[in-house]
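First up is the structure itself, then whatever we jot down about it.
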Amino acid sequence: MSAITVRVPAKVNLQLAVGPLREDGYHDLVNVFHAVSLFDEVTAAEPFDVNPSAAPLGIRVEGDLAGEVPVNDDNLAVRAARALADRTGRSYRADLLIRKSIPVAGGMAGGSADAAAALVACNELWGLGLPREDLMEIAADIGSDVPFALLGGTAVGTGRGERLAPLETAGVFHWVFALADGGLSTPRVYGECDRLREEAGVAAPTPAVSEALLAALREGDVRALGQALSNDLQPAALALRPSLANTLAAGREHGALGALVSGSGPTCAFLAESAERAHELAALIKDVDGCRSVVTASGPVPGATVAG
Numbered sequence: 001m002s003a004i005t006v007r008v009p010a011k012v013n014l015q016l017a018v019g020p021l022r023e024d025g026y027h028d029l030v031n032v033f034h035a036v037s038l039f040d041e042v043t044a045a046e047p048f049d050v051n052p053s054a055a056p057l058g059i060r061v062e063g064d065l066a067g068e069v070p071v072n073d074d075n076l077a078v079r080a081a082r083a084l085a086d087r088t089g090r091s092y093r094a095d096l097l098i099r100k101s102i103p104v105a106g107g108m109a110g111g112s113a114d115a116a117a118a119l120v121a122c123n124e125l126w127g128l129g130l131p132r133e134d135l136m137e138i139a140a141d142i143g144s145d146v147p148f149a150l151l152g153g154t155a156v157g158t159g160r161g162e163r164l165a166p167l168e169t170a171g172v173f174h175w176v177f178a179l180a181d182g183g184l185s186t187p188r189v190y191g192e193c194d195r196l197r198e199e200a201g202v203a204a205p206t207p208a209v210s211e212a213l214l215a216a217l218r219e220g221d222v223r224a225l226g227q228a229l230s231n232d233l234q235p236a237a238l239a240l241r242p243s244l245a246n247t248l249a250a251g252r253e254h255g256a257l258g259a260l261v262s263g264s265g266p267t268c269a270f271l272a273e274s275a276e277r278a279h280e281l282a283a284l285i286k287d288v289d290g291c292r293s294v295v296t297a298s299g300p301v302p303g304a305t306v307a308g
């Protein structure tokens with residue numbers, strides 16, 4: 001095969017419980033991931049340039065958000081492809097093309113999704129035949145959110161988020177995502193979370209999964225799920241980007257069953273009662289100050305999948 005295309009979803013965090021800062025610089029987390037139908041596509045192709053001196057991994061990005069994505073070794077898809085090649089102990093070449101739809105630096109794991117897609121695409125292109133379990137191990141070394149982009153569905157992540165257990169989920173949930181201008185740095189948001197806790201004299205709790213959230217997912221109870229959504233990073237994101245408070249308030253005012261900052265932000269996520277209500281809500285909040293655009297999506301959906 002000369003080219004493989006993989007479609008990979010964004011995620012929203014239904015619960016993000018942040019524990020104390022660890023010695024390795026990470027935080028212990030309980031992270032309930034939910035994959036939603038907002039996708040990037042990554043194509044891995046045999047390179048046209050067969051010059052041995054050419055870079056073994058080329059990278060291009062297409063889409064409205066292309067200018068915000070690095071096209072060098074900082075790109076997580078490039079790092080993933082290189083890690084996969086290193087795992088086999090052999091040299092491989094590929095040209096990677098990313099078609100972006102997931103927000104960049106928006107708290108929806110777009111870069112991690114691209115890394116997961118690159119692992120699957122290059123594994124197929126190079127005929128390696130590595131099982132998904134091996135890809136998950138490589139993914140965990142690349143970033144905390146990368147394994148979930150491979151798995152998809154709904155899952156709880158522990159440790160720094162990379163240890164995953166799938167969760168029982170009934171039905172389909174409908175979402176509206178309000179995208180903000182510019183991104184938020186994930187390390188900066190975590191640092192602000194630590195600072196706010198220290199300033200308030202509040203010790204970081206041991207993170208634990210919400211039983212109310214688990215029950216709502218099992219039963220497909222959209223109203224209970226809306227009430228159970230939580231994100232320990234939200235106060236930090238709001239401190240760094242105060243305009244997000246207006247976006248969250250607008251969504252609640254117009255009938256969202258639940259509203260929260262997605263991950264480290266600045267994307268805001270709103271849970272709607274139905275697909276119809278999601279489209280109505282999107283129309284009502286699209287002109288809120290600080291909101292660049294809105295998209296609707298549903299979940300859960302599968303993780304990184306070779307396109308048919």
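The opening position of the sequence shown corresponds to residue 1 in full-length UniProt numbering, with each subsequent residue numbered one higher.
Cβ coordinates follow ideal geometry from the N, Cα and C atoms, glycine included.
Leaving aside the five residues that flank P207 on each side, the residues in its chain whose CB is nearer than 7 Å to its CB run, in chain order, A17, V18, G19, D28, L29 and V30. Per DSSP, R252 is one residue of the alpha helix (DSSP H) stretching across L244 to E253. When secondary structure is reduced to three states using DSSP, P147 falls in the helix class. Per DSSP, the continuous alpha helix (DSSP H) segment holding G191 begins and ends at T186 to A200. Scanning its chain for C-beta atoms nearer than 6 Å, with the 5 sequence neighbours on each side dropped, one finds around P302 the residues G152, in chain order. When H174, E168 and L135 are compared, the shortest CA-CA separation from E162 is found for L135. Non-local beta-carbon contacts of G143 in its own chain, meaning distances under 7 Å to residues more than five positions away in sequence, involve L76, S112 and A115 in chain order.
The alpha-carbon of E276 is positioned some 10 Å away from that of T296. When rounded, the separation of the alpha-carbon atoms in A83 and I138 is 7 Å. A Cβ-Cβ separation of about 7 Å places Q227 in contact with G258 under the 8 Å criterion. Residue pairing of I98 in beta bridges, as defined by DSSP: V42 and V61. For the pair V294 and V222, the CB atoms are not nearer than the 7 Å cut-off. In the DSSP assignment, C122 forms no beta bridge with any residue. In the three-state reduction of the DSSP assignment, D74 falls in the coil class. Fewer than three Cβ pairs drawn from the region 191 to 200 and the region 62 to 72 lie within less than 8 Å of each other, which leaves the two stretches out of contact.
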